[in-house]
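Participant:
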Amino acid sequence: MVEDPWRALAGPFVDDAYATVKGRVRTFVLHRQLMRHLPPPPATVLDLGGGAGHQSLPLARLGYDVTVLDRSEAMLARAEGRLAHEPDDVRSRVNLVRASGEAAADATGGRRFAAVLCHGVLMYQPAPEPLVDVMGQCVEPGGVVSIMALNAQTMAVRPALEHRWADALTGFDATTEIGVLGAQTRGDTVEHLSGLLQRAGVEPQAWYGVWLFSDWLDLPVGETDVEAVAAVELEASLRDPYRQLSRVFHLVGTSRLQSGQ
Ligand SMILES: C[S@@+](CC[C@H](N)C(=O)[O-])C[C@H]1O[C@@H](n2cnc3c(N)ncnc32)[C@H](O)[C@@H]1O
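If you count the sequence shown from 1, position 14 lands on 79 in my numbering, and the numbers rise without skipping.
Okay, structure coming up:
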């Protein structure tokens with residue numbers, strides 16, 4: 066059995082990162098951006114590398130039929146734990162599948178979904194191509210693909226803010242870094258992923274930043290008006306030059322109407 070790297074990261078990610086101001090901003094901003102593109106519920110959503118379901122459980126609450134697919138037993142156990150607090154109707158709309166993203170088409174029986182999400186996953190892959198191709202295979206014609214990826218163009222910012230000037234200097238041309246969870250992460254660009262989506266039969270529609278100021282500032286939860294920060298971050302995520310500086314970006318596309326791409 067392959068070692069589950071998320072066994073050790075599940076706590077820091079689910080309990081710690083999501084509880085920060087930045088974590089809350091991430092959930093809020095991504096959700097608001099996503100709702101600009103999703104068809105109304107009920108519609109089917111595949112959350113590829115969906116982890117504990119932070120992005121897709123809110124969709125199930127709204128009436129979407131959600132499949133959370135992840136290769137980590139530890140992360141799916143977290144999803145299960147979070148689901149246990151939901152009412153029966155929400156629980157009945159969520160299906161947890163343990164499989165690698167690369168095998169998602171088989172693991173979901175060749176089903177096509179109205180939307181395929183892949184948030185915070187590509188940065189842990191050696192290369193984005195296999196999962197982008199899977200997104201193209203799993204989305205129905207006219208359906209939505211939503212990717213959140215690490216921004217390879219802002220890699221100098223974090224080391225600079227941490228006064229690691231030698232790392233900041235190499236960060237300008239870096240494509241990988243040790244991320245906040247201590248794992249090796251890989252950055253992408255909007256342009257490159259847009260090209261890969263097109264190759265997979267998905268037309269890019271829009272891209273956004275996700276968080277900016279809350280990455281740069283120390284914002285203690287108890288002392289911060291999180292709603293006010295989130296409102297500012299949402300606005301920054303929609304416009305240049307702010308969105309270009311975001312540490313991660315959100316790219317949304319629509320599958321071309323012909324099937325069999
Ligand atoms: C940072 S978490 C993001 C979870 C969720 N998408 C979210 O936004 O909250 C990354 C998740 O991707 C999963 N993952 C990474 N590579 C994967 C792969 N190749 N196939 C399936 N899951 C994968 C990990 O197990 C982990 O749960």
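Note that CB positions come from ideal geometry on N, CA and C, so glycine has one too.
Once the 5 residues before and after Pro106 are set aside, which same chain residues still bring their CB inside 7 Å of it?
Facilitator: If we look at Pro106 and ignore the five residues flanking it on each side, its Cβ neighbours are Leu127, Gly128 and Tyr129.
Participant: If you drop the 5 nearest sequence neighbours on each side, which residues of the same chain put their C-beta closer than 6 Å to that of Ala74?
Facilitator: Checking the sequence shown, residue 74 turns out to be Leu, not Ala. Once the five neighbours on either side are set aside, the close Cβ partners of Leu74 are Leu246.
Participant: Please report how far the alpha carbon of Leu161 lies from the alpha carbon of His150, in whole angstroms.
Facilitator: Cα to Cα, Leu161 sits roughly 15 Å from His150.
Participant: Rounded to whole angstroms, what's the CA-CA distance from Leu99 to Trp230? Just pull it up for me.
Facilitator: Computed Cα separation, rounded: 36 Å.
Participant: Is the segment 293–308 touching the segment 262–276 in the sense that three or more CB pairs, one from each, lie closer than 8 Å?
Facilitator: Contact holds: three or more Cβ-Cβ distances are below 8 Å.
Participant: Taking DSSP's pairing of strands, which residues face Met213 in a bridge?
Facilitator: Looking at the DSSP assignment, Met213 forms a beta bridge with His184 and His315.
Participant: Check each candidate in Pro285, His96, Leu303 and Tyr307 and name the one with the smallest Cα separation from Asp81.
Facilitator: Comparing Cα positions, the closest option is Pro285.
Participant: Beta carbon of Met140: closer than 6 Å to some heavy atom of ligand 1?
Facilitator: Under cutoff, so the answer is yes.
Participant: I need the straight-line Cα distance from Ala172 to Leu124, nearest angstrom please.
Facilitator: Distance between the alpha carbons of Ala172 and Leu124 is about 21 Å.
Participant: Can you list, in chain order, the residues of its chain with a C-beta nearer than 7 Å to that of Tyr307? Leave out the 5 residues immediately preceding and following it.
Facilitator: These residues qualify, in order along the chain: Gly274, Leu277 and Ala301.
Participant: Specify the secondary structure class of Arg158 as computed by DSSP and reduced to three states.
Facilitator: Coil, per DSSP.
Participant: Got a sec? Which residues, its chain only, sit under 7 Å from Leu13 by beta carbon, not counting five neighbours each side?
Facilitator: Given that the chain is displayed from residue 66 to residue 326, the structure contains no residue 13 and the question cannot be resolved.
Participant: List in chain order: all unbroken beta strand (DSSP E) runs of 3+ residues lying wholly within the segment 205–291.
Facilitator: Here the runs fully enclosed are 241–243, 249–251 and 267–274.
Participant: So, Val313 versus Arg89, is the Cβ gap smaller than 7 Å?
Facilitator: No, they are not a contact pair.
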